[in-house]
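In our numbering, the protein residues as written are 8 to 617.
We put the CB at the ideal spot given by N, CA and C, even for glycine.
Only one structure is covered here, and it is reproduced in the block below.
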């Protein structure tokens, strides 16, 4: 501390003695002065704070007047509460009072420092009601240093449920009908306050039969609670089929709702003539009351023979009930082919309806010459009654040689049955070369038709010297060499070993005998006959040009275009590369006629065209 005292001594030495030093004891620098004195300018004077010399009652003395350094002007080290504000202190009011503006820790008092400031009147900025020094807003002291109260907007959570001042909520308003009441309890049904938007009513009681139910809904029909004096019943459902209707009236017959297990029906009207009677039983057929919706009548009995059937319909033909005095029968169907007609008359022959299983037919008339006889038997050939629609005649016998055949067609020439006394014969064909001509006269020499196997010729007269004598024998033919006459044919025929193409063959036939052409066959028998008459000639072979019959006639002019295949039913057609048509007979063909190119050269078989 001498570093503080030396300057002070120097200062004192330079100053003249003052009255303070009057009567002072002279001294030197030794310890001649009393305690708490110091030798200053050769005199013993009392020591003082700030003189730079630390005395017994001083902890420091820096000899200056700076209170913000390490030694105050009181010669004490600075400390909080000494009333001197140091740089590291917010404040220092020099007292031990902790609840004013400066705390005993030399900090500016603030809300949340844990010390409640009470030096200010309520309402002045900075005044505190409490300060618990924490940040919990749900205890008894809010974070704004106000004491927690109901209505401050902060729900207090530090108290147990049921204890005084316990809060369930705190919305900070004075509205009574929101979620939180003004007593800081949660709004609930039964608290006597209508919670807006949640409750329709709240009367604060537990009575279910008044205007407000215990669930805080307004009492109404269908809520399951009977409102005394207003509702007879209320079962709380939407079922009109029990004993309490949806409008909370007791179910009764006639209310229009069918009460299960009690009523069969209930149409809500007083009309008897519909499906439901006034006692709520169903209107049924036979109860004597006409249900206009489904019944035409109801006589209350099950007698099917009167005017009203057991099905409560007006008796009519076809209802299945025989109406006494009106109907002969009634089988309930519209079938006219059984024993009872659709007009309720018994079926009989002649009624115009065929009785199935009993009648073959029934045309309802007395005409015998139609398809159905008067005994309801179908008209048939041989019964002696002509059916104009199907029969030309009917003589009722089995004789085929009279004017009416057994097939009920009129006898005619060509039907294959000889009409005795009218026809000499009737072979049923159109062949003029057999024993029976097409006019049903027996063939004879001179009739102009060569009878195969009997006549060599027949020129229609009995004159000799014209090529065919009176006995129908050929009188000879001047044929060239290599040509041979075929005997036994009904017209002049010959074959030649010369070879020609198709056109040349036809021309050669005409050259040999005017009017002759290639031979034509009219049947299998005709083909077989010519083969037998010619016989086999190994030198010639069987390659012959022939003319053939087609569907339209003998193939001469124009040349034949179709081949009759006598071995089967098919009709063959041939045309060569030039579009011309020609045919030939081959030995190995049996009865099949083959075609060949028209330019081929073969032997020829010719016959007279007459």
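Query: CB contact flag (residue 446, residue 435, <8 Å); Result: no
Query: Whole beta strand (DSSP E) elements within the region 36 to 117, 3-residue minimum; Result: 44 to 47 and 50 to 53
Query: Residue 517 - containing beta strand (DSSP E), residue span; Result: No beta strand (DSSP E) contains residue 517, which is instead part of the alpha helix (DSSP H) from 509 to 519.
Query: Segment limits, beta strand (DSSP E) that includes residue 525; Result: 523 to 525
Query: Cβ shell of residue 607 (< 7 Å), same chain only, five flanking positions each side left out; Result: 508
Query: Residue of 405, 261 and 331 minimising C-alpha distance to residue 352; Result: 331
Query: Given 8 Å, three or more beta-carbon pairs between the region 105 to 120 and the region 141 to 152; Result: yes
Query: Sub-8 Å separation of residue 78 and residue 67 beta-carbons; Result: yes
Query: Length of the line joining the Cα atoms of residue 519 and residue 487; Result: 7 Å
Query: First through last residue of the beta strand (DSSP E) which encompasses residue 492; Result: 490 to 493
Query: Proximity winner among 265, 179 and 56, relative to residue 65 (alpha-carbon distances); Result: 56
Query: Assigned secondary structure, residue 611 (DSSP; H/G/I helix, E/B strand, else coil); Result: strand
Query: Three-state secondary structure (DSSP) of residue 537; Result: helix
Query: Environment of residue 85 [buried if 16+ CB atoms lie within 10 Å]; Result: buried
Query: Residues that DSSP places opposite residue 283 in a beta bridge; Result: 289
Query: Touching by the beta-carbon criterion (3+ pairs, under 8 Å), the region 232 to 243 and the region 264 to 274; Result: no
Query: Inter-residue spacing [alpha-carbon to alpha-carbon] between residue 611 and residue 498; Result: 16 Å
Query: Simplified DSSP assignment, three categories, for residue 505; Result: strand
Query: Cβ neighbours of residue 203 in the same chain (closer than 8 Å, five flanking residues each side left out); Result: 184 and 185
Query: Contact belief for residue 408 with residue 384 at Cβ below 8 Å, rounded distance in angstroms; Result: Actually they are not in contact, since the Cβ atoms of residue 408 and residue 384 sit about 28 Å apart, beyond 8 Å.
Query: Close Cβ partners of residue 491 (< 8 Å) along its chain, the five nearest in sequence each way excluded; Result: 501, 502 and 503
Query: Contacts around residue 107, its chain only, beta-carbon distance under 6 Å, and the 5 residues preceding and following it disregarded; Result: 126
Query: Beta bridge counterpart(s) of residue 321 as assigned by DSSP; Result: 315
Query: Proximity winner among 279, 361, 206 and 386, relative to residue 300 (alpha-carbon distances); Result: 279
Query: C-alpha gap between residue 295 and residue 319, whole angstroms; Result: 9 Å
Query: Beta-bridge pairing of residue 187 - partner residues as DSSP gives them; Result: 193
Query: Reference residue 224, options 246, 201 and 244, closest by Cα; Result: 201
Query: DSSP beta-bridge partners of residue 33; Result: 50
Query: Sufficient close CB pairs (3 or more, under 8 Å) joining the region 386 to 396 to the region 352 to 366; Result: no
Query: Pairwise C-alpha distance: residue 449 and residue 405; Result: 26 Å
Query: Ranges of the alpha helix (DSSP H) found wholly within the region 132 to 179, counting only runs of at least 4; Result: none
Query: Contact check, residue 69 vs residue 58, beta carbons under 8 Å; Result: no
Query: Residue 129 versus residue 136: straight-line alpha-carbon distance, rounded; Result: 8 Å
Query: Given residue 298 as reference, the closest of 310, 311 and 284 once Cα atoms are compared; Result: 284
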